[in-house]
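Presented below is the structure to which this report refers.
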Amino acid sequence: MKFTLSWLRDHLDTTADLATITDTLTGIGLELEGVTDPGAALAPFRIGHVLTAEQHPNADRLRACTVDAGDGPVSVVCGAPNARAGLKVVFAPVGATIPASGLVLKAGEIRGVASLGMLCSARELGLGEDHDGIIELPEDAPVGAGYAAWAGLDEPVIEIAVTPNRGDALSVRGVARDLAAAGLGTLKTFAPAPVPAEGPSALGWAIAMPEVCPWVLGRTVRGVTNGPSPAWLQDRLSAIGLRPISALVDITNFFTIDLGRPLHVFDVARVSGSTLTLRPGAGESFAALNGKDLTVGPEDCVIADAKGVVSLAGIMGGAETGCTEATTEVFIECAYFEPIPIALTGRRHQLASDARARFERGIDPALMPAALDAATQMVIELCGGTASDIVSAGTAPDWRRTARLRFDRLRSFGGAEVPRDEAEGILRRLGFGLAGGDEQSITVHVPSWRNDIAGRGTLEPATALSPERLAVMQAGVAEIEPEVDLIEEVLRIWGIDRIAPVSLPAMAAVPTATLTPRQARAATVRRLLAARGLAEAVTFSFVDSRVAVHFGEAPEALRVVNPIASDLDQLRSTPLITLATAAVRNAARGYGDLGLFEIGPAFHEGSRGGQAVVAGGLRVGETPRHWLVPARPVTALDAKADVWAALTAIGVPLEALSVTTDAPVFYHPGRSGVVRQGPKLVLARFGALHPNVIRALDLPTHAVAFEIFLDAIPEPKRRRRASPVLSAFQPIRRDFAFVADVTVAAEDVLRAARVSVRDLVTGVTLFDVYQGERMAPGRKSLGVEVVFQPKDRSLTDAEIEEACAKVVAAVTKATGAVLR
Numbered sequence: 007m008k009f010t011l012s013w014l015r016d017h018l019d020t021t022a023d024l025a026t027i028t029d030t031l032t033g034i035g036l037e038l039e040g041v042t043d044p045g046a047a048l049a050p051f052r053i054g055h056v057l058t059a060e061q062h063p064n065a066d067r068l069r070a071c072t073v074d075a076g077d078g079p080v081s082v083v084c085g086a087p088n089a090r091a092g093l094k095v096v097f098a099p100v101g102a103t104i105p106a107s108g109l110v111l112k113a114g115e116i117r118g119v120a121s122l123g124m125l126c127s128a129r130e131l132g133l134g135e136d137h138d139g140i141i142e143l144p145e146d147a148p149v150g151a152g153y154a155a156w157a158g159l160d161e162p163v164i165e166i167a168v169t170p171n172r173g174d175a176l177s178v179r180g181v182a183r184d185l186a187a188a189g190l191g192t193l194k195t196f197a198p199a200p201v202p203a204e205g206p207s208a209l210g211w212a213i214a215m216p217e218v219c220p221w222v223l224g225r226t227v228r229g230v231t232n233g234p235s236p237a238w239l240q241d242r243l244s245a246i247g248l249r250p251i252s253a254l255v256d257i258t259n260f261f262t263i264d265l266g267r268p269l270h271v272f273d274v275a276r277v278s279g280s281t282l283t284l285r286p287g288a289g290e291s292f293a294a295l296n297g298k299d300l301t302v303g304p305e306d307c308v309i310a311d312a313k314g315v316v317s318l319a320g321i322m323g324g325a326e327t328g329c330t331e332a333t334t335e336v337f338i339e340c341a342y343f344e345p346i347p348i349a350l351t352g353r354r355h356q357l358a359s360d361a362r363a364r365f366e367r368g369i370d371p372a373l374m375p376a377a378l379d380a381a382t383q384m385v386i387e388l389c390g391g392t393a394s395d396i397v398s399a400g401t402a403p404d405w406r407r408t409a410r411l412r413f414d415r416l417r418s419f420g421g422a423e424v425p426r427d428e429a430e431g432i433l434r435r436l437g438f439g440l441a442g443g444d445e446q447s448i449t450v451h452v453p454s455w456r457n458d459i460a461g462r463g464t465l466e467p468a469t470a471l472s473p474e475r476l477a478v479m480q481a482g483v484a485e486i487e488p489e490v491d492l493i494e495e496v497l498r499i500w501g502i503d504r505i506a507p508v509s510l511p512a513m514a515a516v517p518t519a520t521l522t523p524r525q526a527r528a529a530t531v532r533r534l535l536a537a538r539g540l541a542e543a544v545t546f547s548f549v550d551s552r553v554a555v556h557f558g559e560a561p562e563a564l565r566v567v568n569p570i571a572s573d574l575d576q577l578r579s580t581p582l583i584t585l586a587t588a589a590v591r592n593a594a595r596g597y598g599d600l601g602l603f604e605i606g607p608a609f610h611e612g613s614r615g616g617q618a619v620v621a622g623g624l625r626v627g628e629t630p631r632h633w634l635v636p637a638r639p640v641t642a643l644d645a646k647a648d649v650w651a652a653l654t655a656i657g658v659p660l661e662a663l664s665v666t667t668d669a670p671v672f673y674h675p676g677r678s679g680v681v682r683q684g685p686k687l688v689l690a691r692f693g694a695l696h697p698n699v700i701r702a703l704d705l706p707t708h709a710v711a712f713e714i715f716l717d718a719i720p721e722p723k724r725r726r727r728a729s730p731v732l733s734a735f736q737p738i739r740r741d742f743a744f745v746a747d748v749t750v751a752a753e754d755v756l757r758a759a760r761v762s763v764r765d766l767v768t769g770v771t772l773f774d775v776y777q778g779e780r781m782a783p784g785r786k787s788l789g790v791e792v793v794f795q796p797k798d799r800s801l802t803d804a805e806i807e808e809a810c811a812k813v814v815a816a817v818t819k820a821t822g823a824v825l826r
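Residue numbering for the sequence shown follows the numbering used here, starting at 7 and increasing by one per position.
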């Protein structure tokens, strides 16, 4: 929420300086975001007069101008289409800094013509988005004068952060009311005189969706002349970043900020029929004022004329019925919309507007007649014309309710000794009317603009409030919640910083921190991967859907409806997506050999909760250079080693694991694996990334990755285990060479040997793989070392031979491999 200091003083009679006002805003809960002084940035810019404007001799789209800015004529080359002789402009001399780009102007030549300055557009000055041409000033603008001072842009602009519950603070008057309650002056009276009616309205209202719009007002103003707004109105809107459009449109924007009361104006001549209807959408499309086509559905409330939809109610008007310079008869809309439906519609269409921001937080229903009179009066003052009768449809929501404050609760719950008369004065200045009370409490009327404060009301079921809002108003919490709201109101104005600090009670013993097995597992894996040379990354869970498709499907169910950026519109299915993009950025900056890991969420359509915790890792490029071990490209076995180390660290028994080759499509089909415990439980995946993924993302040629699904790892069984004791008997090692088909996985041979003699075999290792001229085609030799560890006695030669025979038999039965 932005406003200028002079705009605030239109509603607040105060002598407080800027520093006092801004400090008070933060103190009462309207947190100060910043104060900007556009006059400082615009100080070098002066009002200039274009004396001549001729076609540039060496460029079709440039004009060679002569400009007088008070120091005599200077040559300026300008590319704006509206640069012409006789125009009053904003001139930037040599040495000035352009606010929008930070460019410092220098004297120079553009295609052979000297250019000693610049003629500026609104965007270049940071005063809006208009960049179609340079700013055109009135003919009476004084040549050589400072533009900021002449345009009234040399006063501070205050920006505050408004919490979602304080819709009333999205208006200059609402901010002034809070400051007045805090003792910084007096709130000025707002009581516009009723505008005399001359004749019936050209348009009327009908409501077919009262659950969204229970009440709407409107009136016609005939004989208007629409054109540019007066300078004071344009300057006020420009100062807070709103682009002036025309007098009729600027008036509606003014009251949106001034009173927090969104309005809309229809060109009567462009409306079909004599009735505007608030009804559900039916799949129609219409051109909105933002230049986009919107398609509305039955969940959306629209305003329609006899031909079709002309506005998305409460959010965005339509271009078809918008006001232009040819408008001579205008219909002013002043409606009340329920917050929740407006918020949902805005979210569905990804539309943000000043009107939506206020309607979805709740507006003041009691302000509507006065706001319509004030807007009508300004239209007549600026555009001329006569006003019709006021037409309406529906009924005004019954916002009246009361709330009770007990002073002992203010002391015990709020922790502050606020005198009764001071607490009553704060509530009164905030607009709460006294309804009654006794020695221990007071009952107040909640003002119409504070819809964030619940209370006991007399709401009738016939009113068009949403069921959720009726429930809040009428449920049992209506006795407790409004009292807490009133305590908050008193304390924030009285001063939260005045509450005496209280120490926490002393504790006999501070409990030690405890981690669940799942939390401990993640911490262990994090330390292990960092110790293996991987750098931990913390990335967004949002990714670009165009990148996500390279890592499997990017389902619509995981698409973000209102992304924080256009390239963050998809929930990631694996942390490898964000790690890969991070690796690309590092490679572009000269860090092509690196390892990254992240422990974070991955999202999957249809999975339990739709989310799982995954430890993902990525190695790219080559291993580090070392004098003992030469650098080499990373391989899938490096990723497998990371997985095996992590699983070992968290206590997963490796003898129960198997590796299959059905890795997802973003892994290399011949250099990847899926780690399973049993036939169905997948614990991890690893391998080289698919060449198509590497090419699409511009990753380094060698890139390997892994994913460990921490949520899938079963909890260890709680059973008593004997403490491991080192055997006093010497282990026996035997080497076996098995000849197997080339399709047999070495893992299958090792697993068969491992379970052959469970009470003796304590280790199985693959030490050699041979395929060559001494082997038959399609066959390979696997060298396996088996360790036998006797526990209670030394083994005889016969027992050793029997154990070796069992190993050979088990391997042959499981894989078909035979002893070489």
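Backbone N, C-alpha and C fix where the C-beta goes; we use that ideal spot for every residue, glycine too. Bear in mind the structure is a predicted one, so any value in this text is a computation, not a measurement.
Burial is judged here by how many other beta carbons sit within 10 angstroms of a residue's own beta carbon; N592 has at least 16 and is buried. Within the DSSP bridge table, the entry for E344 names no partner. Between L564 and E611, the CB-CB gap stays under 7 Å. The Cβ atoms of L772 and A752 lie closer than 7 Å to each other. Taking the Cβ atoms as the reference, P453 lies roughly 14 Å from P403, outside the contact range of under 8 Å.
By alpha-carbon distance to L143, the top candidate from E807, P425, T226 and D241 is D241. Per DSSP, Q795 lies in no alpha helix (DSSP H) and is assigned neither H nor E. Contact between L68 and G85 is confirmed by a C-beta separation of about 5 Å, below the 8 Å threshold. If you look at M374, you'll find it in the alpha helix (DSSP H) that goes M374 to C389. Looking at the backbone, the Cα of R364 and that of R183 are separated by about 17 Å.
Residue nearest to P737 within the set F794, E366 and L14 is F794 (criterion: CA-CA distance). With contacts defined by Cβ atoms closer than 7 Å, I493 and L416 form a contacting pair. In this structure, DSSP gives H355 a helical state, which the three-state scheme calls helix. DSSP, read as helix, strand or coil, puts I140 in coil. K112 carries a coil assignment under DSSP once its states are collapsed to helix, strand and coil. Counting along the chain, F260 sits inside the alpha helix (DSSP H) bounded by residues A253 to D264.
Within the same chain, Cβ atoms closer than 6 Å to the Cβ of R179 are found at H17 and L265, the five residues on either side in sequence being excluded. With at least 16 other beta carbons inside 10 angstroms of its own, R367 counts as buried. With respect to the C-alpha of P706, the residue from L600, L788, V385 and S244 having the closest C-alpha is L600. Burial is judged here by how many other beta carbons sit within 10 angstroms of a residue's own beta carbon; G623 has at least 16 and is buried. For P488, there is no enclosing beta strand (DSSP E); the enclosing alpha helix (DSSP H) covers residues E487 to W500.
Within the same chain, Cβ atoms closer than 8 Å to the Cβ of W156 are found at I53, A147 and P148, the five residues on either side in sequence being excluded. Residue range A237 to A245 is occupied by the alpha helix (DSSP H) that includes W238.
When C-beta atoms of the segment 279-288 are compared with those of the segment 195-214, three or more pairs fall below 8 Å, so the two segments count as touching. Using a C-beta cut-off of 8 Å, the segment 534-548 makes contact with the segment 572-591, since at least three inter-stretch Cβ pairs fall below that distance. Counting other Cβ atoms within 10 Å of its Cβ, Y673 reaches 16 or more and is therefore classed as buried.
Burial state of E339 is buried, judged by a 10 Å Cβ sphere holding 16 or more other Cβ atoms.
The beta carbons of F261 and A98 sit about 34 Å from each other, so the pair does not count as a contact at 8 Å.
With respect to H708, P630 sits apart: the two C-beta atoms are not nearer than 7 Å. The segment 683-698 makes contact with the segment 662-670, as at least three CB pairs between them are under 8 Å.
If only complete runs of 3 or more residues are kept, the segment 37-100 shows the beta strand (DSSP E) at 38-42, 52-61, 69-74, 79-84 and 94-99, in order along the chain.
Ranked by how close their Cα comes to the Cα of H55, the residues L31, I140 and P105 have I140 in first place. The DSSP-derived three-state label of T545 is coil.
Between V770 and K812, the gap from beta carbon to beta carbon reaches 7 Å or more. For L411, the closest C-alpha among the options L634, T580, V490 and E335 is that of V490. Shown here for A341: same chain residues with a beta carbon closer than 6 Å to its own, the five before and five after excluded, namely C219 and V222 in chain order.
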